[in-house]
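Written below as structure tokens is the structure these notes are about.
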């Protein structure tokens, strides 16, 4: 009898193991049920990964810093909002708004009964322990090596979408290679051999992206760094002074990549003495509404759009 019970127990454990897997991520490890049906994403980056895998329609809760009260109705995104910008390019089924990454609404997330919570993260980010009490939670830090590729591949294992993940990763590389050839053939690098990506914020502060958010794709396209930052914040970038911007040479292309919505300070920047000095070597690349800063879908989109803009610039 004891032997039979032991056999049954082992079989049950084996079945449970086959139906779940443990992921090691940047905030710890999580045992996740395979092929989850109800997912909460804390930001657009995580949403982009699910969209790349073809499972964004399983998102029941979405976190974002973009929304205003006018975008919401009864705690959900209005249908017209889901048709705009990046949201209009992915499949969503009226997800609930669960707050932003700093102050998530834990009661709303709990009521959604998610099978999985996904987020990007950084040093000092809060609420991980609280989120793990609701559902298995995985977080990937922007400053970790190949962070979106790691996140995408981990989620692919969860959803059984490994083929899709490798396909889209290859598509990013192929797109950048093709666009790099276009820029080289057009003689772009004879005029601009270097590049900087500057985020002008409303209010007058400027941020230099050095490790993520557009700059990796520009490097892949063939540009060298116009500025080497000595220190970065959270591995993303650093504040940049007017003096540093004025020190850029004419061979440095300045890509103004403003934050979205009310934080966009690009127009005001171009009216400043620094903006006026740099305008002839600058392009303004405004992200789509509700756009992730990074990820496979954005790498493809950004590479194509930037290549077109740069080719127009050097005509």
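Residue numbers (the working numbering): 68 to 382. Every residue, glycine too, gets a C-beta built ideally from N, C-alpha and C.
1. Quick check: what's the CA-CA separation for residue 105 versus residue 127?
2. Enumerate in chain order the residues of its own chain whose CB-to-CB distance from residue 152 is below 7 Å, with the five nearest sequence positions on each side excluded.
3. What is the residue span of the beta strand (DSSP E) that residue 160 lies within?
4. For residue 202, tell me which candidate among 243, 108, 121, 265 has the shortest Cα-Cα distance.
5. So which of 112, 249, 161 has the shortest CA-CA distance to residue 142?
6. Please return the same chain residues whose Cβ sits closer than 7 Å to the Cβ of residue 167, not counting the five positions on each side in sequence.
7. Looking at residue 287: is its Cβ nearer than 8 Å to the Cβ of residue 367?
8. Tell me the residue span of the beta strand (DSSP E) that contains residue 100.
9. Which ranges does the alpha helix (DSSP H) cover as unbroken runs of at least 4 residues, wholly within the region 213-289, from first to last along the chain?
10. Once DSSP output is grouped into helix, strand and coil, what is the label at residue 188?
11. Using three-state DSSP, classify residue 367 as helix, strand or coil.
12. Under the three-state reduction of DSSP, which class applies to residue 80: helix, strand or coil?
13. What does the alpha-carbon distance come out to for the pair residue 82 and residue 97?
Concretely, from the data shown:
1. 6 Å
2. 355, 356, 357, 358
3. No beta strand (DSSP E) holds residue 160; DSSP gives it neither H nor E.
4. 108
5. The shortest C-alpha separation from residue 142 is found at 161.
6. 130, 131, 132
7. no
8. It spans 95-100 - the beta strand (DSSP E) in which residue 100 sits, taken as one unbroken run.
9. Taking only runs of at least 4 residues, the alpha helix (DSSP H) segments lying wholly in the region 213-289 are 214-226, 229-252, 255-258, 282-288.
10. strand
11. helix
12. Below a pLDDT of 50, predicted positions are generally treated as unreliable, and residue 80, at 47, falls in that range; the measurement from the model is reported next regardless. In this structure, residue 80 counts as helix in the three-state DSSP scheme.
13. Bear in mind that the predicted position of residue 82 carries a pLDDT of just 48, short of 50, making it too unreliable to give a figure here.
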